[in-house]
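Count along the sequence shown from 1, add 1339, and you get the number used in the numbering used here. Even glycine gets a Cβ: it sits at the ideal position worked out from N, Cα and C. All figures in this text were calculated on a predicted structure; none of them were measured in a lab.
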Amino acid sequence: MKLRKLAALSLAAAMAAGTLAGCSSKPAETKPAETTAAPAGETTEEAKAEDTTAAASDAKGQIYYLNFKPEVADVWVELAEKYTAETGVPMKVQTAAAGTYEQTLKSEVAKKEPPTLFQINGPIGYKSWAKYCRDLKDSDIYSHLVDKSMAVTDGDGVYGIPYVVEGYGIIYNDAVMQKYFALDGAKAKSMDEIKNFDTLKAVAEDMQARKADLGIEGVFASTSFAPGEDWRWQTHLANLPIYYEYKDDNVSDKDAIDFKYSDNFKNIFDLYLNNSCTDPKMVGAKTVEDSMAEFALGKVAMVQNGNWGWSQVAGVEGNTVKEEDVKFLPIYTGVAGEEKQGLCIGTENFFSINSQAKEEDQQASLDFLTWLFSSDTGKDYVTNKLGFIAPFDTFAADEKPTDPLAKEVDRYMSNTDLYSVSWNFTSFPSQTFKDNFGASLLQYAQGGKEWQAVVDDMKADWANEKAMTK
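Now the structure itself:
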């Protein structure tokens, strides 16, 4: 598959590649005040002229990046300052709050100085923003994309460049698991035995029954459903049944979904709810940050999230989980043959250049991408501070993130005995669809809605929202 191809090609390509040619687009929350930066090197709008360096006075264009990832907002601000210091090109970064990116982008593109660099979330996102997406087929950044089939295309044009490969699954604390395996009567004796839902369920329920012996408050972290915090379920978990339905039908999108694997979704969702540190009736008040803190503090053994969650684990004060104990397990749901299933690996992050921005600002943004993925400074930020597994041939084998979850993603991608679950949620019809599905799941979790009603509403919303995109 594409991502296995990426893993196989990355080493050979990286060793052969030079640098990009010269100048020629699950989440933790960040407070709004911390996600917005004035153009790097400036303190106020009035101070622009005074604070601009001599180099900046010679620079052509400026950059405004609207960032999608709140969990790395501060890093992007720091990166913008570093870029301005090195090149003299003014760069502004603003970060949209979780779940509000489309809304924020709509507001910002209407301004006199709109974002010059933004992101789309795949083909569906491109449909909404095609008017603003510059063709990047002749760009340096596209020429160094290892697997060009990953890009968002339309006809002969290239309008979205993936900038990170990520993976998600069930993160587990191996120290807790080893403690469980040593108990008399344990339902498994090693993680190697947990290769399907039936075994995972038996282990999780037994661990929950013996949580006092294990020193935990529950097997799974909180199934967070606070406003804007349900993306792990209405998007990431929902990806699995859609992946398998698409696979059965040999398609990459559907106008109407059968939700034929709804029982499989229910299998794992119920397992999370019923074997957690938090009562299902209380999940409406829980955030992703709460869930990651519960894991970091050793209160639980498992949490569903992606490799981006490492910063949330490592950054928790009083963290008790050792780095070497942080591992990934695939999300098993009871699908036939899932013993060969790996992590969910892909991307929803595609850089786009605003074709409606000033030409010099478009070029400045392209030059920034060249610098970001080729210069020593840029690649250091990408690998060690943003924690991205970059899909470009400018990265050598030793220029990969070293955090434990990124290593796990790389390990699964390189395992030719397993298949990765592709990210099909980029085909989900709209944010409204996801919000409605999340609301239904919360009602179900709290006992206010029958599962069949959740299924029926999901299918109806999918069809309605897809029809609106035609």
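Rounded straight-line distance, which links the Cα of residue j to that of residue i
i: residue 1563; j: residue 1625; result: 5 Å
i: residue 1354; j: residue 1734; result: Per-residue confidence for residue 1354 stands at a pLDDT of 31, beneath the threshold of 50, marking its modelled position as unreliable; the derived number appears in the next sentence. Cα to Cα, residue 1354 sits roughly 8 Å from residue 1734.
i: residue 1434; j: residue 1524; result: 50 Å
i: residue 1448; j: residue 1692; result: 12 Å
i: residue 1797; j: residue 1544; result: 28 Å
i: residue 1479; j: residue 1752; result: 26 Å
i: residue 1657; j: residue 1496; result: 50 Å
i: residue 1636; j: residue 1509; result: 17 Å
i: residue 1572; j: residue 1786; result: 17 Å
i: residue 1383; j: residue 1655; result: At residue 1383 the pLDDT is 36, less than 50, meaning the model places this residue with poor confidence and gives no usable figure here.
i: residue 1642; j: residue 1451; result: 43 Å
i: residue 1514; j: residue 1664; result: 6 Å
i: residue 1638; j: residue 1576; result: 23 Å
i: residue 1553; j: residue 1542; result: 13 Å
i: residue 1368; j: residue 1617; result: At residue 1368 the pLDDT is 35, less than 50, meaning the model places this residue with poor confidence; the figure from the coordinates comes in the next sentence. In a straight line, the C-alpha of residue 1368 is about 20 Å away from that of residue 1617.
i: residue 1814; j: residue 1503; result: Nothing can be reported for residue 1814, as the shown portion of the chain is limited to 1340 through 1809.
i: residue 1555; j: residue 1488; result: 44 Å
i: residue 1731; j: residue 1484; result: 5 Å
i: residue 1569; j: residue 1443; result: 19 Å
i: residue 1650; j: residue 1630; result: 13 Å
i: residue 1519; j: residue 1808; result: 49 Å
i: residue 1621; j: residue 1784; result: 9 Å
i: residue 1494; j: residue 1468; result: 16 Å
i: residue 1530; j: residue 1546; result: 14 Å
i: residue 1763; j: residue 1580; result: 10 Å
i: residue 1471; j: residue 1453; result: 11 Å
i: residue 1436; j: residue 1405; result: 11 Å
i: residue 1623; j: residue 1411; result: 25 Å
Exposure label - residue i; buried when at least 16 CB within 10 Å
i: residue 1455; result: buried
i: residue 1590; result: exposed
i: residue 1551; result: exposed
i: residue 1719; result: exposed
i: residue 1773; result: buried
i: residue 1780; result: buried
i: residue 1659; result: exposed
i: residue 1419; result: buried
i: residue 1561; result: buried
i: residue 1371; result: Any reading at residue 1371 needs caution, since the residue's pLDDT is 34, under 50, leaving its predicted position unreliable; the model's value is listed next. Classification of residue 1371: exposed, given that the 10 Å Cβ count is below 16.
i: residue 1517; result: exposed
i: residue 1566; result: exposed
i: residue 1789; result: exposed
i: residue 1574; result: buried
i: residue 1686; result: buried
i: residue 1632; result: buried
i: residue 1445; result: exposed
Of the listed residues the options, nearest to residue i (C-alpha basis)
i: residue 1761; options: 1805, 1554, 1507; result: 1507
i: residue 1460; options: 1567, 1782, 1766, 1773; result: 1766
i: residue 1646; options: 1556, 1491, 1662; result: 1662
i: residue 1429; options: 1750, 1782, 1704; result: 1704
i: residue 1598; options: 1800, 1535, 1809; result: 1800
i: residue 1600; options: 1593, 1592, 1585; result: 1585
i: residue 1473; options: 1695, 1732, 1648, 1717; result: 1695
i: residue 1759; options: 1682, 1443, 1806; result: 1682
i: residue 1501; options: 1806, 1648, 1457; result: 1457
i: residue 1713; options: 1689, 1475, 1738; result: 1738
i: residue 1512; options: 1757, 1754, 1667; result: 1667
i: residue 1669; options: 1408, 1490, 1532, 1462; result: 1532
i: residue 1768; options: 1803, 1432, 1784; result: 1803
i: residue 1549; options: 1522, 1623, 1782; result: 1522
i: residue 1874; options: 1558, 1619, 1672, 1493; result: There is simply no residue 1874 to check, as the chain begins at 1340 and stops at 1809 in what is shown.
i: residue 1771; options: 1421, 1439, 1416; result: 1439
i: residue 1540; options: 1723, 1595, 1640, 1607; result: 1607
i: residue 1499; options: 1688, 1782, 1749, 1412; result: 1688
i: residue 1463; options: 1594, 1684, 1587; result: 1594
i: residue 1465; options: 1794, 1476, 1490; result: 1490
i: residue 1492; options: 1648, 1690, 1588; result: 1690
i: residue 1414; options: 1527, 1717, 1582; result: 1717
Check: residue i C-beta below 6 Å from any heavy atom of the ligand ZN
i: residue 1571; result: As for the ligand ZN, it is missing from this structure, which has no ligand bound.
is_contact[residue i, chain D] using C-beta, thresh 7 Å
i: residue 1550; result: Protein chains in the displayed structure number just one, and chain D is not present.
Between the segment 1697-1708 and the segment 1397-1407, are three or more C-beta pairs nearer than 8 Å? yes
Three CB pairs or more closer than 8 Å across the segment 1739-1748 and the segment 1423-1432:
no
Complete beta strand (DSSP E) runs within the segment 1528-1616 (minimum length 3 residues, chain order)
Counting only runs of at least 3 residues, the segment 1528-1616 fully encloses the following beta strand (DSSP E) elements, listed from N- to C-terminal order: 1557-1559.
- Task: Evaluate contact between the segment 1613-1623 and the segment 1701-1716, counting only Cβ atoms and requiring at least three cross-stretch pairs below 8 Å.
- Result: No: fewer than three Cβ pairs fall under 8 Å.
Specify whether the segment 1520-1536 and the segment 1669-1688 touch according to this definition: at least 3 beta carbon pairs, one from each stretch, less than 8 Å apart.
yes
- Query: Which parts of the segment 1442-1487 are runs of the beta strand (DSSP E), unbroken and 3 residues or longer, counting only runs that do not cross its ends?
  - Reply: 1456-1459
- Can you give, in chain order, each stretch of the alpha helix (DSSP H) that sits fully within the segment 1607-1669 and has at least 4 residues? Fully enclosed alpha helix (DSSP H) runs of 4 or longer: 1627-1635, 1649-1653.
Pick out the complete alpha helix (DSSP H) segments inside the segment 1656-1743, 4 residues or longer, and give them in chain order. Within the segment 1656-1743, the complete alpha helix (DSSP H) runs of at least 4 residues are 1698-1711, 1715-1719.
### Every unbroken alpha helix (DSSP H) inside the segment 1415-1441 [4 residues or more]
none
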